[in-house]
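If you read the sequence shown in the working numbering, its first letter stands for residue 33, the second for the next number, and so on. Since the structure comes first, as structure tokens, the remarks are kept for the end.
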Amino acid sequence: MNVGILGATGAVGQKFIRLLVQHPWFTITALGASERSAGKPYANAVNWIEDVPLPDQIAHLTVKHCTPDALDTVDFVFSGLDPSVATNIEASFAKAGIPVISNAKNYRQDPKVPLLIPEVNPDHISLISHQDFSHDGSGWIVTNPNCVAVPLSLALKPLHDQFGLENLSMTTLQALSGAGYPGVPSLDILANVIPFISGEEPKIAPETQKILGTLNATQIDQPSFTVDATCTRVHTLNGHMAAVSCRFSTKPNSVEQVIQTLKAYPNPIADLDLPTSPAQLYHLHEQQNYPQPRLHADRDKGMSLHIGRIREGDFFHINFVCMAHNTIRGAAGGAVLNAELLHKKGYLN
Ligand SMILES: NC(=O)c1ccc[n+]([C@@H]2O[C@H](COP(=O)([O-])OP(=O)(O)OC[C@H]3O[C@@H](n4cnc5c(N)ncnc54)[C@H](OP(=O)(O)O)[C@@H]3O)[C@@H](O)[C@H]2O)c1
Numbered sequence: 033m034n035v036g037i038l039g040a041t042g043a044v045g046q047k048f049i050r051l052l053v054q055h056p057w058f059t060i061t062a063l064g065a066s067e068r069s070a071g072k073p074y075a076n077a078v079n080w081i082e083d084v085p086l087p088d089q090i091a092h093l094t095v096k097h098c099t100p101d102a103l104d105t106v107d108f109v110f111s112g113l114d115p116s117v118a119t120n121i122e123a124s125f126a127k128a129g130i131p132v133i134s135n136a137k138n139y140r141q142d143p144k145v146p147l148l149i150p151e152v153n154p155d156h157i158s159l160i161s162h163q164d165f166s167h168d169g170s171g172w173i174v175t176n177p178n179c180v181a182v183p184l185s186l187a188l189k190p191l192h193d194q195f196g197l198e199n200l201s202m203t204t205l206q207a208l209s210g211a212g213y214p215g216v217p218s219l220d221i222l223a224n225v226i227p228f229i230s231g232e233e234p235k236i237a238p239e240t241q242k243i244l245g246t247l248n249a250t251q252i253d254q255p256s257f258t259v260d261a262t263c264t265r266v267h268t269l270n271g272h273m274a275a276v277s278c279r280f281s282t283k284p285n286s287v288e289q290v291i292q293t294l295k296a297y298p299n300p301i302a303d304l305d306l307p308t309s310p311a312q313l314y315h316l317h318e319q320q321n322y323p324q325p326r327l328h329a330d331r332d333k334g335m336s337l338h339i340g341r342i343r344e345g346d347f348f349h350i351n352f353v354c355m356a357h358n359t360i361r362g363a364a365g366g367a368v369l370n371a372e373l374l375h376k377k378g379y380l381n
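Written as structure tokens, this is what we have:
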């Protein structure tokens with residue numbers, strides 16, 4: 033299939049290019065960005081920050097304005113657009129009959145838009161049929177979650193199914209790449225931790241509740257667990273970590289039962305052979321000082337979830353640490369996996 037990338041010059045857009053240049057099903061045929069970049073060869077418009085060379089076939093593509101007419105070669109688009117412009121641009125593509133797989137936050141809470149993690153809530157895809165962007169239903173929007181809600185939801189899904197989550201408290205340690213480019217000023221972050229990330233904490237509860245919700249005909253019935261989140265920026269490059277504490281309606285008998293529950297989780301896409309699926313979804317680390325972003329974020333093409341330090345608490349039933357690559361699993365890689373699932377299920381063809 034021919035794909036376009038909206039916001040192709042940004043940090044997430046570049047990650048899309050890196051993940052898609054050798055993709056077996058999808059070929060990049062168009063790139064879109066702002067007025068500042070449109071009309072230029074991609075190599076001149078972008079400040080390439082990936083640690084592999086900019087692929088030749090992409091370097092020479094001319095960046096287009098983000099309009100359906102300008103990207104007339106594509107079957108669907110990935111969006112890594114700035115949220116200040118994503119609402120109108122993404123809707124214009126969906127209205128023109130071009131599906132949008134988006135990283136932006138703008139449509140995540142729309143009740144008809146799936147907030148999709150293929151291993152957690154693949155059945156939510158059917159919400160697409162209730163969208164009315166285009167008269168014949170050919171244009172629609174699917175979103176992927178915030179880069180913290182992704183590892184959190186992956187970790188919680190088996191535990192919530194088994195024990196029923198009631199209260200959750202967490203502190204994140206979020207990598208610099210999550211702030212895009214140029215991101216946080218070096219003098220603010222070097223040898224430092226910043227205990228606030230604008231707009232981040234309010235996303236975590238509603239996104240996690242929507243993802244872990246149950247599809248009920250045309251809507252998602254959302255669980256009512258509480259989430260107290262503190263989001264911090266730390267000077268790691270890739271890999272968002274979260275220290276999580278949970279209380280459940282049924283207290284797990286032991287740490288071992290929690291480990292067995294995670295190990296026994298029936299990954300709903302395990303048999304679909306999607307190219308971006310990690311070989312192993314959950315890495316459960318027994319070594320006390322694991323997981324670590326520098327050692328583990330890139331494992332399994334950056335698509336797996338790392339969990340460690342699983343232990344019983346006094347007030348909370350279970351404490352653990354989880355970590356995943358924020359711009360791959362938490363952004364572009366998650367969106368590519370969404371597109372693969374949608375293709376396999378016949379929504380993209
Ligand atoms: N970084 C992460 O880890 C991460 C994780 C999850 C989700 N996200 C979300 O993904 C999106 C992109 O994030 P990012 O970090 O890649 O941001 P970024 O580096 O600032 O890139 C933003 C992109 O949007 C384009 N853009 C800005 N204004 C535009 C306009 N008026 N018309 C068309 N294009 C316009 C920019 O093009 P120009 O270069 O031409 O200005 C650029 O390509 C955001 O919605 C963000 O919240 C990011």
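For every residue, glycine included, the Cβ atom is placed at its ideal position computed from N, Cα and C. Remember, predicted model here, so these are calculated numbers, not experimental data.
Can you check which of these residues, L191, G196 and P325, is closest to Q292 by C-alpha distance?
L191
Limits of the alpha helix (DSSP H) - the one that S218 falls within
S218 to I221
Label N138 either buried or exposed according to how many other C-beta atoms from any shown protein chain fall within 10 Å of its C-beta, with 16 as the threshold for buried.
buried
Report the three-state DSSP secondary structure of E198 (helix, strand or coil).
strand
Under the assumption that L306 contacts K377 (Cβ atoms under 8 Å), give the Cβ distance between them as a whole number of angstroms.
Wrong, their Cβ atoms sit about 11 Å apart, outside the cutoff.
What residue from G245, H162 and A249 has the CA that sits closest to P255's CA?
G245
For F347, tell me which candidate among K96, E233 and K283 has the shortest Cα-Cα distance.
K283
Is the separation between the beta-carbon of I133 and that of V117 shorter than 9 Å?
no
Compare the C-alpha of V276 against each of E318, F352 and R326 and name the closest.
F352
Quick check on this structure: which residue in L186, P234, E239 and I301 has the alpha carbon closest to the alpha carbon of L294?
L186
For N358 and D142, I'd like the C-alpha separation in whole angstroms.
23 Å
Who pairs with Q251 in a beta bridge, going by DSSP?
N248
Identify the residues that DSSP records as bridge partners of L63: which are they?
I37
Are the beta-carbon atoms belonging to P87 and I49 less than 9 Å from one another?
yes
Pick from D155, Q320, L63 and P85 that is closest to H97, judged by C-alpha positions
L63
How long is the line joining the alpha carbons of A290 and N178, rounded to whole angstroms?
One point to set straight first is that residue 290 is Val, not Ala, in the sequence displayed. Distance between the alpha carbons of V290 and N178 is about 25 Å.
For Q54, name the three-state secondary structure that DSSP assigns.
coil
What residue from A363, K235 and G129 has the CA that sits closest to H167's CA?
G129
Is it true that the CB of K333 sits closer than 9 Å to the CB of I360?
yes
Boundaries of the alpha helix (DSSP H) in which R331 is found, first to last residue:
R331 to G334
N135 vs A364 beta-carbon contact at 9 Å
yes
On the premise that Q324 lies in contact with R265, defined as a C-beta separation below 8 Å, what is that separation, rounded to the nearest angstrom?
17 Å between Cβ atoms; not a contact.
I'd like to know if the region 41-58 and the region 212-220 are in contact, where contact means that at least 3 CB-CB pairs between them fall below 8 Å.
yes
Please report how far the alpha carbon of G271 lies from the alpha carbon of V287, in whole angstroms.
25 Å
Within 10 angstroms of its Cβ, does V78 collect 16 or more other Cβ (buried), or is it exposed?
buried
If L380 sits next to A367, beta carbons under 8 Å apart, how far is it from one beta carbon to the other, in whole angstroms?
With a Cβ gap of about 12 Å, L380 and A367 do not count as contacting.
Any contact of the region 156-170 with the region 220-233, i.e. 3+ C-beta pairs under 8 Å?
no
Contacting residues, own chain, Cβ-Cβ under 6 Å from A102 (five flanking each side not counted)
K96
Consult DSSP for G378 and reduce its assignment to one of helix, strand or coil.
coil
Report buried or exposed for P85, applying the criterion of at least 16 other Cβ atoms within 10 angstroms of its Cβ.
exposed
Nearest-angstrom Cα distance between I350 and T203?
15 Å
Assign V290 to one of three DSSP states: helix, strand, or coil.
helix
With DSSP collapsed to three states, give me the class of A356.
strand
For G45, does the three-state DSSP call read helix, strand or coil?
helix
Determine, using beta carbons only, whether V35 and I90 come nearer to each other than 9 Å.
no
Counted within 10 angstroms of its Cβ, other Cβ atoms place Q46 as buried (16 or more) or exposed:
buried
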